[in-house]
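Undergrad:
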Amino acid sequence: MPPKEGVKTENNDHINLKVAGQDVSVVQLKIKRNTPLSKRMKAYSQTQCQSDAA
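For the sequence shown, the working numbering gives the first residue as 6, with consecutive numbering after it.
(1) Using the Cα positions of residue 23 and residue 35, report the straight-line distance between them to the nearest angstrom.
(2) Between which two residues does the beta strand (DSSP E) harbouring residue 24 extend?
(3) Considering just the uninterrupted stretch of the beta strand (DSSP E) at residue 31, what are its terminal residues?
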């Protein structure tokens with residue numbers, strides 16, 4: 006039976022994350038389920054440091 010229109014189906018390939026910063030900024034991330042979270046956290050922190058310096 007196909008899914009109904011407007012109904013979301015589960016996609017287990019990715020994880021959606023929302024990261025709230027101390028400055029009330031919110032960043033949405035979509036990562037693959039098999040990507041280590043530590044790898045994503047490191048990339049996020051490097052990106053935030055570069056954007057703060059600019």
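Virtual Cβ for every residue (Gly too), placed ideally from N, Cα, C.
It should be emphasised that the depicted structure is a prediction, and the values quoted were computed from it without experimental measurement.
TA: Considering the structure as presented:
(1) 9 Å
(2) 19 to 25
(3) 31 to 37
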